[in-house]
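In UniProt numbering, the protein residues as written are 1 to 208.
Backbone N, C-alpha and C fix where the C-beta goes; we use that ideal spot for every residue, glycine too.
I have placed the structure first, in the form of structure tokens, so that the comments after it can refer back to it.
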Ligand code: MGP
């Protein structure tokens with residue numbers, strides 16, 4: 001047997017009263033301000049819109065966010081008709097939820113080329129804006145975010161709780177546009193207008 005192998009006692013941390021002193025940084029996860037839920041939507045024409053929506057997982061720490069993010073497909077790898085939604089725990093990613101029904105969304109519409117160039121980067125930055133509470137006090141108004149993967153062009157949106165809260169909405173819109181370094185305009189539309197629209201476009205209440 002080799003004599004150069006260290007004995008167990010030589011590799012252990014110093015002990016105090018028989019207890020190992022450990023650094024909490026090594027085992028305590030870093031809490032987020034909110035708990036978040038990630039949802040997945042996959043189009044199946046034989047089911048209702050609500051039935052196509054599935055909760056994937058919830059998390060409330062930085063480490064669990066990255067574990068989930070690294071585990072799932074990037075939006076650019078999803079099929080047409082699929083969505084991811086990240087919402088504060090307790091808010092369903094639908095217009096009908098009490099916290100959404102008076103609200104609206106900052107909508108970013110991507111062209112087909114941007115699917116390869118920008119989609120995944122914009123979505124990751126959107127997620128970081130949400131879990132990092134990047135909009136100062138206006139973060140209170142944030143309900144969640146959605147990415148829609150569509151043949152006609154992908155969409156990313158941040159949903160907020162009240163379309164009349166102009167100051168909070170403009171703060172979110174401006175900071176969001178800066179974070180994404182967005183070259184094009186973004187528009188804010190109320191869910192009321194979106195859900196009752198008759199044509200293919202919904203009017204913007206605000207824009208940045
Ligand atoms: P969509 O998935 O938001 O956009 O809405 P898409 O596929 O690009 O279609 P477009 O109409 O914006 O061009 C598609 C359809 O899904 C809507 O017309 C609704 O029928 C349904 N839908 C979408 N959302 C977000 C909701 C919702 O919150 N509640 C309900 N009940 N239906 C929804």
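Residue 41 beta carbon less than 8 angstroms from that of residue 82: yes
Go ahead and label residue 77 buried or exposed: buried means 16 or more other beta carbons lie within 10 angstroms of its beta carbon, across all protein chains shown. exposed
Can you list, in chain order, the residues of its chain whose CB lies under 7 angstroms from that of residue 111, leaving out five sequence neighbours each side? 153
Alpha helix (DSSP H) runs wholly inside the region 79-118, at least 4 long, in chain order: 114-117
Using only the heavy atoms of the ligand MGP, determine whether one of them is closer than 7 angstroms to the beta carbon of residue 184. no
Nearest-angstrom Cα separation, counted from residue 93 out to residue 169: 18 angstroms
With burial defined as no fewer than 16 other Cβ atoms inside 10 Å of the residue's Cβ, what is the status of residue 156: buried or exposed? buried
For residue 113 and chain D, any beta-carbon pair shorter than 8 angstroms? Within the model displayed, chain D is absent; a lone protein chain is all it includes.
For residue 48, the residue or residues it bridges with in DSSP: Residue 48 pairs with nothing; no bridge assigned.
Three or more C-beta pairs under 8 angstroms: does that hold for the region 185-204 against the region 118-132? no
How is residue 148 classed by DSSP in three states: helix, strand or coil? strand
Spatially closest choice to residue 162 from 73, 181, 55 and 139, by CA coordinates: 139
Considering Cα atoms alone, identify which of 30, 173, 126 and 125 is closest to residue 64. 30
As assigned by DSSP and simplified to three states, the class of residue 27: coil
Residue 95 CB to nearest heavy atom of the ligand MGP below 7 angstroms: yes
Roughly how many angstroms lie between the CA atoms of residue 73 and residue 18, to the nearest whole one? 47 angstroms
If you measure from the CB of residue 148, is any heavy atom of the ligand MGP nearer than 7 angstroms? yes
Residue 217, DSSP secondary structure in three states: Residue 217 lies beyond the residue range present for the chain, which begins at 1 and ends at 208; the question has no answer from this structure.
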